[in-house]
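Colleague: In our numbering, the protein residues as written are 32 to 298. The structure is given below, and queries will be raised subsequently.
Have a look at this one:
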C-alpha cells in the first residue's frame, strides 16, 4: 500500500529450465491462533517458494525456501525442505502454483500418478512439511487425465466462507461447477453444483465467494459461488492472454486504501 519495493536475494540453487515454482506470501493474519493480537504486533511477512526439481525426466523432488522479515539474512530452507515424491509412489505436476492459506497452513495443489490429487502442506508456525491425498472426489482418474491432456480445466483450490478448503471443478459443458468442500482438509464431499448462465472454459481464480471465469472468446465474468449470478467484466483488455499464472484476485477496502495513501502523501 505504501508503494515501496523490496528486492529479495537470489534463491538458493534456482534453475529456471529444470524447475517449476509455486509461491505464497504470509503475513500476521496467517500465523494462526498465536496471533490474536496481530494488530499490536510489528508488521511481519514471510515469502515462501516451493520448487519442484526434475529427476530422470519427471518432477519428483520438492524444495521449500523462505524469506522472513524477522530474519533478513537471506533465504532459508524449511524443516523437511527436500521431499522425494517417490516415497509416496507419485509423480506430480502443479495444478495451482499459488498456495491456499487455511487452518494455519499453506497448501499447494498437485496432480499425481497414479491418478490422485494431493496438497503439499506447510505449517505456518512450525515449518513442518507434509503431503496429503485429497479423498472422496468422484471420477478422479478421468478428471486427472483430461486435465493433463488439456481437455478440461484444472480444479481450483480455495477457501470457503467457513475457512474450509474448497475445490472448484468446472465441468466440460462449461455451464456447471462441482463444488467439493473438505471436512478435515483431507476428506472432501460434494457440497453443491453451481449452474452458470454463460458457457465458460476457464476458472481464473476466486476471492471472497466471487469466481473469475473466462470463455473461449476471452470474455471475462464474475460469478457468485452461492447463487451463480454472473456479471461480465466490461472494458477488459481482451488481447491479454489471461491464465491462472498471471491473474491475481485482490479484495480492496477502497476507503481505507485512499485514506492511507493520502496520509502517506501528507507526511
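We put the beta carbon where it would ideally sit given N, CA and C, even for glycine. The model shown is predicted, which means the values in this text are computed figures rather than measured ones.
#1: Have a look at residue 77 and residue 139 and give me their C-alpha separation to the nearest angstrom.
#2: Give the C-beta separation of residue 185 and residue 206 to the nearest angstrom, bearing in mind that I take them to be a contact with Cβ-Cβ under 8 angstroms.
#3: By alpha-carbon positions, which one of 157, 263, 167, 92 ends up nearest to residue 230?
#4: Taking residue 169 as the reference, which of 151, 198, 182, 157 has the closest Cα?
#5: Expressed to the nearest angstrom, what Euclidean distance is found between the alpha-carbon atoms of residue 58 and residue 158?
#6: Shorter than 7 angstroms from the beta carbon of residue 198 to some beta carbon of chain D?
#7: As a quick exercise: from 103, 61, 75, pick the residue whose alpha carbon is nearest that of residue 41.
#8: With residue 208 as the anchor, note down where its beta strand (DSSP E) starts and where it stops.
#9: Can you name, in chain order, every residue of its own chain whose Cβ lies under 6 angstroms from the Cβ of residue 75, other than the five neighbours on each side?
#10: For a test of the three-state rule: what should DSSP assign to residue 60, helix, strand or coil?
#11: In the DSSP assignment, find the unbroken alpha helix (DSSP H) run with residue 234 in it and report its ends.
#12: With three or more beta-carbon pairs closer than 8 angstroms as the criterion, would you say the region 268-288 touches the region 234-252?
#13: Going by C-alpha to C-alpha distance, which of 284, 213, 238, 204 sits closest to residue 247?
#14: Which one of 284, 189, 160, 143 has the shortest CA to CA distance from residue 235?
#15: Rounded to the nearest angstrom, what separates residue 221 and residue 201 at their Cα positions?
#16: To test your reading of the DSSP string, which unbroken beta strand (DSSP E) runs of 3 or more residues are found completely within the region 119-195?
#17: Applying the criterion that 16 or more other CB atoms from any shown protein chain within 10 Å of the CB defines a buried residue, is residue 105 buried or exposed?
#18: Look up residue 226 in the DSSP assignment and give the residues it is bridged to.
#19: What residue range is occupied by the uninterrupted beta strand (DSSP E) comprising residue 262?
#20: DSSP three-state call for residue 294: helix, strand or coil?
#21: Thinking residue 147 and residue 171 are a contact (beta carbons under 8 angstroms), I'd like their distance in whole angstroms, please.
#22: Between the C-alpha atoms of residue 66 and residue 282, what's the straight-line distance to the nearest angstrom?
#23: Assign residue 100 to one of three DSSP states: helix, strand, or coil.
#24: Just list the residues that DSSP pairs residue 221 with in beta bridges.
#25: Look up residue 76 in the DSSP assignment and say whether it is helix, strand or coil.
Modeller: By the coordinates alone:
#1: Between residue 77 and residue 139, the C-alpha separation is close to 16 angstroms.
#2: With a Cβ gap of about 18 angstroms, residue 185 and residue 206 do not count as contacting.
#3: 263
#4: 198
#5: 15 angstroms
#6: Given the protein chain composition of this structure (a single chain), no chain D is represented.
#7: Selected option, being the one with the closest Cα: 103.
#8: 207-213
#9: 59, 100
#10: helix
#11: Careful: residue 234 lies outside any alpha helix (DSSP H), inside the beta strand (DSSP E) at 233-238.
#12: At 8 angstroms Cβ cutoff, the stretches touch.
#13: 204
#14: 189
#15: 13 angstroms
#16: 122-133, 136-144, 147-154, 160-165, 187-190
#17: exposed
#18: 207
#19: It spans 261-263 - the beta strand (DSSP E) in which residue 262 sits, taken as one unbroken run.
#20: helix
#21: Confirmed, about 6 angstroms.
#22: Confidence at residue 66 is low in this model, with a pLDDT of 46, below 50, so the placement of that residue is unreliable and no value is reported for it.
#23: coil
#24: The bridge partners DSSP lists for residue 221 are 211.
#25: Strand.
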